Amino acid sequence: MAPRSVPNIMRQGRFAPWLYLLPALLIMTFFIVYPMINTISLSLKNKDGTASAATTCVAGNPCWGIFENYRYALTSEFDTRSVSTFWSSFWLSSYGNTLKWIVLMVSGTVGLGLAFAVMADRVKYEALAKSIIFMPMAVSFVGAGIIWKFVYDYGTQQVQIGLLNALVTSLGGQPIAYMSTLQVNTVALIVVGVWIWTGFCMTILSASLKSVPDEIIEAARMDGANEWSIFWKIMVPIIMPTIVVVITTMVINVLKLFDIVYVMTGGNFSTDVIANRMYTEMYKNFNVGRGTAIAVILVIAIIPFIYLNVRRFIAQEETR
Amino acid sequence: MNRDRINKIINQIPTHFIIIFMILVWVVPTFGLLITSLRPAQAINTSGWWTVLSPPRGSTEYGQYCASCHGADGTALPNANLTDPNLVQHFPRSVQLLVSLRAEINGQPHMQAVPIPESQAAANISSYMRIISGLQSSARFTFSNYIDALVGYRGTSTYQQDCAAGAAPPDIACNSSDLLNPRGMGRAFLNSLIVTIPATFLPILFAAFAGYAFAWLDFKGRFLLFSILVGLQVVPLQMTLVPISRLYAQLGLNGTFLGVWLFHTGFGMPYAIYLMRNFLGSLPRDLFEAAYIDGASHWTVFFRLVIPLAMPAIASLGIFQFLWVWNDLLVALVFLGGTTPVMTYQISNMVTSLGAGWQLLTASAFLSMLLPMIVFFSLQRYFVRGMLAGAVKG
Chain C
8 MAPRSVPNIM RQGRFAPWLY LLPALLIMTF FIVYPMINTI SLSLKNKDGT
58 ASAATTCVAG NPCWGIFENY RYALTSEFDT RSVSTFWSSF WLSSYGNTLK
108 WIVLMVSGTV GLGLAFAVMA DRVKYEALAK SIIFMPMAVS FVGAGIIWKF
158 VYDYGTQQVQ IGLLNALVTS LGGQPIAYMS TLQVNTVALI VVGVWIWTGF
208 CMTILSASLK SVPDEIIEAA RMDGANEWSI FWKIMVPIIM PTIVVVITTM
258 VINVLKLFDI VYVMTGGNFS TDVIANRMYT EMYKNFNVGR GTAIAVILVI
308 AIIPFIYLNV RRFIAQEETR
Chain L
8 MNRDRINKII NQIPTHFIII FMILVWVVPT FGLLITSLRP AQAINTSGWW
58 TVLSPPRGST EYGQYCASCH GADGTALPNA NLTDPNLVQH FPRSVQLLVS
108 LRAEINGQPH MQAVPIPESQ AAANISSYMR IISGLQSSAR FTFSNYIDAL
158 VGYRGTSTYQ QDCAAGAAPP DIACNSSDLL NPRGMGRAFL NSLIVTIPAT
208 FLPILFAAFA GYAFAWLDFK GRFLLFSILV GLQVVPLQMT LVPISRLYAQ
258 LGLNGTFLGV WLFHTGFGMP YAIYLMRNFL GSLPRDLFEA AYIDGASHWT
308 VFFRLVIPLA MPAIASLGIF QFLWVWNDLL VALVFLGGTT PVMTYQISNM
358 VTSLGAGWQL LTASAFLSML LPMIVFFSLQ RYFVRGMLAG AVKG
């Protein structure tokens with residue numbers, strides 16, 4: 008509960024507050040604000056930022072002038088010969104994959120997190136169960152990547168040392184190369200993301216569930232409501248604001264996600280996502296213009312969430 | 008009443024079932040990694056980690072078909088010289104059995120003609136026989152993967168064996184200086200610590216100052232500035248990498264710890280200030296008023312009152328920032344790279360250069376998780392509190 012006004016006795020000097028703010032503001036301007044502006048200007052330049060991006064246009068090919076890097080970033084992955092080739096290339100592009108990540112990972116983490124929060128509430132080993140689900144939050148994406156790469160391991164010989172393929176073969180199935188089979192691999196990577204982030208969603212949703220007044224639930228039980236309808240008609244509506252917060256937070260996280268893809272497939276076999284593609288463009292192809300253009304696209308995708316965050320903050324402040 | 012209780016228990020069975028299933032899915036992959044990291048390299052590549060306690064492949068078959076026909080204790084064949092033609096003459100059935108046994112185990116059609124094995128094959132067969140007959144049991148667990156990972160040994164045998172045989176690769180010195188081998192996790196651990204400690208401390212200090220100003224000092228544009236800050240929390244890191252690394256190149260900060268400290272400080276700032284301001288703002292107003300009436304200055308209030316009272320917030324912020332920096336890959340990749348590798352960098356580098364060196368990958372991954380796990384399990388309470396106090400940082 009932040010105070011809206013400061014006690015009179017504490018008003019001392021006009022410059023004192025700025026002295027307290029100085030280190031923080033300085034370092035944020037230097038590391039966040041200035042680079043953002045610079046990134047936008049670099050995205051309109053060529054490979055090494057020395058001339059306008061328009062100079063990289065190739066005669067006879069489509070050209071967007073100084074937005075040439077954006078043309079490359081937005082369209083180069085698509086095959087536009089026909090509608091069907093467009094869709095199939097879209098699904099395997101970094102944009103299609105990012106979309107899959109958002110849909111599957113957000114529904115997975117929020118759904119599982121909510122389900123687990125509700126169920127764990129009723130058992131005696133709640134604390135233990137929750138800290139186990141929460142544990143991957145402490146592990147780096149790189150570590151989690153190795154853990155799951157091992158689960159997904161595909162043995163070229165008879166022996167499967169990867170747990171998943173061992174299960175598949177013991178049930179009589181054919182082993183699958185999870186990391187290099189198209190479509191399957193992206194889903195396999197998303198599972199890792201869900202494994203890491205479910206605990207986060209669970210913790211926040213669980214705290215919110217605990218604030219639902221017991222009397223309301225008891226009253227509903229008295230009226231003969233079953234657990235299922237108590238959940239959907241009472242709990243979910245009450246915690247809806249929290250669910251929205253968790254969903255937006257997760258979307259932001261997914262958009263920025265890079266490490267899992269980098270470690271597990273390196274973006275090969277059509278598993279690329281926007282954030283990893285930016286890294287590849289920037290530090291493997293050394294194309295500053297294209298890399299920064301992708302970064303700007305990323306931030307444009309995030310802007311609606313920035314807006315939501317600020318609006319929520321302002322609304323919160325007004326209720327104080 | 009009693010029937011209600013029974014009903015309740017029955018109703019709960021699916022709940023328990025689902026919870027335990029989920030816990031297993033969450034624990035088993037990590038557990039498998041731990042077991043694997045403790046197995047000898049050869050065992051890792053030939054059998055799943057879940058078979059670690061079961062007898063070697065083929066032992067049941069051996070017991071069933073072979074044991075009794077090779078002397079009372081079953082040791083005649085494994086110890087025999089299989090390249091001796093006479094011997095093969097004397098034990099035709101055994102040698103045939105041996106081949107078919109191997110064929111059986113490898114899932115191939117069996118009972119082919121039996122040639123006299125050449126020396127290498129014979130050696131392989133008899134060592135194999137010694138293992139499945141139980142004459143020779145190899146260690147199931149070993150720490151050599153961890154030693155190899157720590158010193159950065161990457162070869163076909165193990166660090167200890169190669170050093171004992173004097174066949175170590177040129178970048179291995181076989182003394183304690185190997186712990187600082189730039190390819191090893193020992194050095195990377197040190198680098199991770201050097202990166203993480205100041206990158207945790209600095210943002211907290213600056214955020215405490217700024218949070219205090221936002222919560223208890225009056226200045227123009229306070230609300231607007233703070234709203235911008237809330238927005239900055241979600242700006243992706245990717246947005247700032249190129250300009251900063253170009254600037255660092257000019258200032259000579261690329262590849263230095265100072266550069267990484269400053270970068271993490273800058274990026275941790277919005278969330279840290281947000282959390283600090285909300286926490287400090289929730290402290291009772293009377294406390295501050297009383298302190299001022301007693302004649303304390305802002306400075307005294309800050310160090311004598313605010314910092315001690317803010318300890319819970321500082322703790323949660325500290326854990327957050329610690330885990331965030333320790334687990335970060337992107338910043339380390341861009342600004343430190345291979346010159347001063349941190350743990351996450353070292354592992355990701357192993358994946359690309361080693362391919363399937365599971366013994367090193369699993370041990371390295373565990374080494375990198377050790378400290379965060381300890382921090383997490385001992386201070387989980389503060390971690391959760393920090394998460395609930397605000398949005399999440401990015």
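Note that the protein sequences, when read in sequence, are chains C and L.
The opening residue of the first sequence carries number 8 in this note's numbering; numbering runs sequentially from there.
The opening residue of the second sequence carries number 8 in this note's numbering; numbering runs sequentially from there.
All residues carry an ideal CB built from backbone N, CA and C; glycine is no exception.
Predicted model, so just to flag it, every value in this text is computed and none were measured.
With distances taken between CA atoms, residue 194/L lies nearest to 158/L out of 158/L, 202/L, 166/L, 211/L. DSSP lists no bridge partner for residue 234/L.
Legend: CB atoms of the region 147-161 of chain C lying less than 9 Å from CB atoms of chain L belong to residues 147, 148, 149, 150, 151, 152, 153, 154, 155, 156, 157, 158, 160. With a beta-carbon spacing of about 15 Å, residue 317/L and residue 31/C fall beyond the 8 Å limit used to define contacts.
Cα atoms of residue 235/C and residue 245/C: separation of roughly 15 Å, rounded to the nearest angstrom. The three-state secondary structure of residue 145/L, taken from DSSP, is coil.
Around residue 304/C, the same chain offers 77, 80, 81, 281 as residues with beta carbons nearer than 8 Å, after the five sequence neighbours per side are excluded. Rounded to whole angstroms, residue 47/L and residue 147/L show a C-alpha spacing of 7 Å. At a Cβ-Cβ threshold of 8 Å, residue 292/L and residue 233/L do not count as neighbours.
The Cβ neighbour count for residue 172/L, taken over all protein chains shown within 10 Å, is under 16; the residue is labelled exposed. Cβ-Cβ distances below 8 Å link residue 47/C to 299, 303 in the same chain, with the five nearest sequence neighbours on each side left out; the list follows chain order.
At least 8 Å separates the beta-carbon of residue 111/C from that of residue 191/C.
In this structure, DSSP gives residue 164/L a state outside helix and strand, which the three-state scheme calls coil. Chain L has no Cβ within less than 8 Å of the Cβ of residue 311/C. Residue 390/L and residue 326/L do touch by the CB rule: their CB atoms are close to 5 Å apart, below 8 Å. At a cut-off of 8 Å between C-beta atoms, residue 219/L counts as an interface residue with respect to chain C. In the DSSP assignment, the residues bridged to residue 52/C are 59/C. Within chain C, the residues whose beta carbon sits less than 7 Å from that of residue 270/L are 38, listed in sequence order. At a cut-off of 8 Å between beta-carbon atoms, residue 192/L makes no contact with chain C.
Nearest to residue 151/L by C-alpha distance, out of 254/L, 188/L, 43/L, 221/L, is 43/L.
At a beta-carbon threshold of 7 Å, the residues of chain C lying near residue 238/L are 313, 316, 317, ordered along the chain.
Contact with chain C is absent for residue 59/L, since none of that chain's Cβ atoms lies less than 8 Å from the residue's Cβ. The criterion of a C-beta distance shorter than 8 Å is not satisfied by residue 202/L and residue 313/L. Taking CB atoms only, residue 189/C has no neighbour in chain L less than 8 Å away. Straight through space, the alpha carbons of residue 99/C and residue 64/C are spaced by roughly 26 Å.
Within the region 260-323 of chain C, the runs of alpha helix (DSSP H) that reach at least 4 residues and sit entirely inside it are, in chain order, 266-271, 281-286. Around the Cβ of residue 184/L, a 10 Å sphere holds fewer than 16 other Cβ atoms; the residue is exposed. Interface residue (Cβ-Cβ distance to chain C less than 8 Å): residue 355/L is classified as such. Straight-line measurement puts the Cα of residue 241/C at about 54 Å from the Cα of residue 50/L. For residue 34/L, the number of other beta carbons within 10 angstroms of its own is below 16, and it is reported as exposed. Residue contact check for residue 25/C against chain L: a CB pair falls below 8 Å. Taking the Cα of residue 315/L as reference, the smallest distance to any Cα among 219/L, 165/L, 11/L is reached at 219/L. By the neighbour-count criterion, in which a residue is buried when 16 or more other Cβ atoms sit within 10 angstroms of its Cβ, residue 273/L is buried. Separation of the CB atoms of residue 179/C and residue 172/C is rounded to 13 Å, and the pair is thereby denied contact status at 8 Å. Residue 307/C and residue 313/C have their alpha carbons spaced roughly 10 Å apart. Residue-level contact check: residue 304/C does not touch chain L, since none of the beta carbons of chain L fall below 8 Å from its beta carbon.
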